[in-house]
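Down below is the structure, laid out as C-alpha cells.
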Amino acid sequence: MPRTATTFFQQKIFPLLPDYTSFNLETTHFNDVFNQLQFADDTFYDKTKILNFANGCKNKNIILSNENFVGQSYFLNHNNRTIIAKRLSEAFPEAKIFLVLRNQIDLLASLYAIALEWRETKHIDDYIWQSKKNKNIDVEAGPAKLYYNTYEDYENIEGYDYLSLIQLYKKHFKHVEVLLFEELIQQPTDFATKLDVLFGFEQPTTISLLNQTELLNKSVDVVQARKLRKLNKFQNLASHSKLLYRIYVKLKRNILKKKRSDEKPFFSLKKTAELKKHFGKLNQQLAEQYPEIGIQNYSDNYYLNFK
Numbered sequence: 009m010p011r012t013a014t015t016f017f018q019q020k021i022f023p024l025l026p027d028y029t030s031f032n033l034e035t036t037h038f039n040d041v042f043n044q045l046q047f048a049d050d051t052f053y054d055k056t057k058i059l060n061f062a063n064g065c066k067n068k069n070i071i072l073s074n075e076n077f078v079g080q081s082y083f084l085n086h087n088n089r090t091i092i093a094k095r096l097s098e099a100f101p102e103a104k105i106f107l108v109l110r111n112q113i114d115l116l117a118s119l120y121a122i123a124l125e126w127r128e129t130k131h132i133d134d135y136i137w138q139s140k141k142n143k144n145i146d147v148e149a150g151p152a153k154l155y156y157n158t159y160e161d162y163e164n165i166e167g168y169d170y171l172s173l174i175q176l177y178k179k180h181f182k183h184v185e186v187l188l189f190e191e192l193i194q195q196p197t198d199f200a201t202k203l204d205v206l207f208g209f210e211q212p213t214t215i216s217l218l219n220q221t222e223l224l225n226k227s228v229d230v231v232q233a234r235k236l237r238k239l240n241k242f243q244n245l246a247s248h249s250k251l252l253y254r255i256y257v258k259l260k261r262n263i264l265k266k267k268r269s270d271e272k273p274f275f276s277l278k279k280t281a282e283l284k285k286h287f288g289k290l291n292q293q294l295a296e297q298y299p300e301i302g303i304q305n306y307s308d309n310y311y312l313n314f315k
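Numbered per this note's numbering, the sequence shown spans residues 9 to 315.
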C-alpha cells in the first residue's frame, strides 16, 4: 500500500539487500513495459513485453516494488487492481508477494498531506470518495453523484478494503506475505525478522539497514496544510504566467521549509467515526479470516473494538 514507507524501502533497503536486484518506480511504473501492464486494456496489451522482461530475469533474485500495483485510485477507482495481479502472475507465476498494510485512517490522512504538496485544495473530509448507492441523473444541477467518480481526483475508500486485496493475490500467487506498518514503527526488530525469512536470509540482515536512516517523505503539519490549501487555489491562475508560476513555486517552497509542529492533518470527529465504523467491520473480517497477519495485535489502530 502507499504511505507504508515504500520510498524508504525502495531507496534505502531493497537496493542494499545482498544477492538481489531491485527494480523500483523508475522501472516498475514509468517504464513502458510496466506502464502498459498496469493501464493498457486487453485489446491494446502486448504481453510479450512483460514476458520478455521476465525471461531476462530468469535465475536471478529480483524485487519489483511499486505501491501502485494495488490499483490506481485517482480517476480509476482501483479498477485496474485485478488486471495487474493477473498480468504479474502470468509473467512471474512463482513470485512471492509482499504487501504492507497500514490502518486506513492514518494512511488516507497521509495521502492527503502528500496531495497538498501537489495541488490539492479540498478539505480532508472531502478528499475521499465513498460510493453512492443511487446516482443523481440530474447532471445539469452539477456533478453527478456516481457510484464511481472518474471525473475528479479523489481517494476511493473501496480500494482500502484489505481483505479483498489479499484474497485477490492469494488467488493468483502461492506465496503472499502480509506485514503491518504499525509493526515496522513499534517493533522494527520483529518486522525485520519477517523480512529476513521472506528474502531467505539465514542471518539477521535487514535490521541493520532499518536502523541506519529515518523514514522518508514525512507529511506536512496542520499549519502547512492550511496554507497549502489556500495557495493551491491559485495554481491554475499561476500556470498562465511564468512570473506568477515562479512566485507560486517560491511560496510553496517557503511553506514546506517551515515545519512548525508534529500535528498532522486529521479528519473531523464525525468523519473519523464514520470511517472507523466502515473499516472496523472490514478489518474484523480480515482478522478472523487471516489471524496470522496479526492486526488483532493492533486492535485500536484497526478499529476492531469500535462500536
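Note that CB positions come from ideal geometry on N, CA and C, so glycine has one too. Computed from a predicted structure; not experimentally measured.
Take residue i as the anchor and find which of the options has the nearest alpha-carbon.
i, options, result
"serine 227", "Glu163, Tyr168, Pro273", "Pro273"
"isoleucine 128", "Asp198, Asn88, Arg234", "With the sequence shown as reference, residue 128 is identified as glutamate, and isoleucine is not the correct amino acid for it. It is Arg234 whose Cα lies nearest to the Cα of glutamate 128."
"lysine 315", "Glu296, Glu300, Leu283, Ile303", "Leu283"
"leucine 59", "Arg89, Lys266, Lys94, Glu210", "Lys94"
"lysine 258", "Leu239, Tyr82, Thr201, Ser276", "Leu239"
"isoleucine 215", "Thr56, Phe199, Gly208", "Phe199"
"histidine 37", "His180, Tyr82, Glu75, Asp308", "Glu75"
"glycine 64", "Ser81, Asn43, Ala99", "Ala99"
"serine 97", "Leu264, Val184, Thr213, Glu210", "Val184"
"valine 41", "Lys55, Tyr28, Ser30, Lys66", "Lys55"
"glutamate 160", "Ile174, Trp137, Gln220, Asp133", "Trp137"
"leucine 290", "Glu190, Phe275, Glu166, Ser269", "Glu166"
"leucine 206", "Asn69, Leu33, Lys57", "Asn69"
"alanine 13", "Leu109, Asp204, Asn164", "Leu109"
"tyrosine 156", "Lys66, His86, Ser118", "His86"
"glutamate 163", "Pro196, Ser307, Leu116, Ser269", "Leu116"
"threonine 35", "Gln19, Glu125, Ser73", "Ser73"
"phenylalanine 77", "Phe106, Glu125, Leu188, Ile255", "Phe106"
Pull the bridge partners of residue i from the DSSP assignment, please.
i, result
"glutamate 163", "Ile136"
"serine 97", "In the DSSP output, where bridge partners are listed per residue, serine 97 has none listed."
"lysine 104", "His183"
"glutamate 70", "Before going on, a small fix: residue 70 reads as isoleucine here, not glutamate. Answer is Thr29, bridged to isoleucine 70."
"leucine 188", "Leu109"
Note down the Cα distance separating residue i from residue j, rounded to an integer number of angstroms.
i, j, result
"isoleucine 71", "proline 101", "14 angstroms"
"isoleucine 21", "glutamine 293", "32 angstroms"
"glutamate 296", "leucine 218", "30 angstroms"
"aspartate 229", "lysine 267", "7 angstroms"
"phenylalanine 287", "glutamine 112", "7 angstroms"
"leucine 277", "valine 186", "30 angstroms"
"proline 26", "tyrosine 310", "34 angstroms"
"asparagine 67", "leucine 119", "37 angstroms"
"asparagine 43", "leucine 24", "25 angstroms"
"leucine 203", "isoleucine 263", "37 angstroms"
"methionine 9", "alanine 123", "16 angstroms"
"lysine 104", "lysine 241", "44 angstroms"
"glutamine 19", "serine 30", "10 angstroms"
"leucine 84", "arginine 261", "30 angstroms"
"asparagine 244", "tyrosine 256", "10 angstroms"
"glutamine 46", "threonine 15", "19 angstroms"
"glycine 79", "serine 307", "26 angstroms"
"isoleucine 132", "lysine 285", "18 angstroms"
Does the ligand COA have even one heavy atom less than 6 angstroms from the beta-carbon of residue i?
i, result
"asparagine 309", "Inclusion of the ligand COA in the displayed structure is not the case, the ligand content being empty and no account of it being possible."
- Taking three-plus beta-carbon pairs below 8 angstroms as touching, is the stretch 291-305 in contact with the stretch 164-171? With the cut-off at 8 angstroms, the stretch 291-305 and the stretch 164-171 touch.
- How do the stretch 239-256 and the stretch 48-65 stand: do at least 3 beta-carbon pairs fall below 8 angstroms, yes or no? No, because fewer than three Cβ pairs between the stretch 239-256 and the stretch 48-65 fall closer than 8 angstroms, the two stretches do not touch.
- Query: Unbroken alpha helix (DSSP H) runs of length 4 or more, entirely within the stretch 208-282: which are they?
  - Reply: As for any alpha helix (DSSP H) of minimum length 4 sitting wholly inside the stretch 208-282, the runs are 214-218, 230-240, 243-246, 250-265, ordered along the chain.
- Touching by the beta-carbon criterion (3+ pairs, under 8 angstroms), the stretch 171-186 and the stretch 76-95: Contact holds: three or more Cβ-Cβ distances are below 8 angstroms.
- Complete beta strand (DSSP E) runs within the stretch 19-52 (minimum length 3 residues, chain order): As far as the stretch 19-52 is concerned, its whole beta strand (DSSP E) runs of at least 3 residues are 29-31.
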